[in-house]
Structure formats: structure tokens, C-alpha cells
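Engineer:
In full-length UniProt numbering, the protein residues as written are 1 to 85.
Take a look at the structure:
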């Protein structure tokens with residue numbers, strides 16, 4: 001069986017907020033973290049179709065998280081934890 005491994009690195013002014021927003025959606029074989037000003041997403045899987053669909057979902061969620069974190073930053077908030085509870 002062929003294994004598929006991928007890594008997406010995205011520069012972000014709100015890397016901690018973005019990674020924190022995305023990480024709860026991680027499934028087995030996925031990892032999301034902030035490294036300085038970069039959001040790092042790692043994925044591994046066996047089925048190309050599944051990995052492709054997961055990356056597609058991740059990129060859509062990344063765009064939404066980036067926008068929300070940017071709005072929070074513009075409003076003087078460093079993260080969205082106040083929205084959680």
C-alpha cells in the first residue's frame with residue numbers, strides 16, 4: 001500500500017489563533033500547529049481521494065479561520081477564546 005504524506009505551511013499574522021481554531025478538527029493522521037508566524041498542517045493517509053478531500057476542507061477552513069482571527073486582531077483581541085464560553 002502506498003502512503004501519502006503532505007505538509008502545508010502558510011504564513012499568517014495570527015498563526016497561533018488560526019492553528020488553534022483548526023486543530024480541534026484534526027482527525028487521526030492530521031496535525032496542525034503554529035510555528036512562529038506560520039501555520040503548519042501535516043497529513044498522512046493511504047487513499048489519494050481521502051487526502052485530497054481533507055486538504056480541500058482544510059484550505060476552506062484555513063481561509064475562514066484566517067479571516068476570523070484577522071477580524072479579532074483588528075478589534076484588539078489576540079484570539080477567539082472569549083467566544084467559546
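By construction, the Cβ of each residue, glycine as well, lies at the ideal position given by its N, Cα and C atoms.
Model, not experiment: these values are computed from the prediction.
Measure the alpha-carbon distance for residue 74 versus residue 32 and round it to whole angstroms.
Structural biologist: Here residue 74 refers to the residue found at position 74 when the chain shown is read from its first residue. Here residue 32 refers to the residue found at position 32 when the chain shown is read from its first residue. C-alpha separation (whole angstroms): 24 Å.
Engineer: Run through DSSP, which three-state label would residue 7 get?
Structural biologist: To locate residue 7, count along the chain shown from 1; it is residue 7. Reduced to three states, the DSSP call for residue 7 is strand.
Engineer: Give a yes or no on whether the C-beta atoms belonging to residue 7 and residue 40 are separated by under 8 Å.
Structural biologist: Residue mapping note: residue 7 aligns to position 7 of the chain shown, counting from 1. Residue mapping note: residue 40 aligns to position 40 of the chain shown, counting from 1. For residue 7 and residue 40, yes; Cβs fall inside 8 Å.
Engineer: Looking at the unbroken beta strand (DSSP E) that takes in residue 45, where does it start and where does it end?
Structural biologist: Here residue 45 refers to the residue found at position 45 when the chain shown is read from its first residue. Counting along the chain, the beta strand (DSSP E) containing residue 45 begins and ends at 38 to 45.
Engineer: Tell me which residue opens and which closes the beta strand (DSSP E) that residue 33 is part of.
Structural biologist: Here residue 33 refers to the residue found at position 33 of the chain shown. Looking at the DSSP string, the run of the beta strand (DSSP E) that includes residue 33 is 30 to 35.
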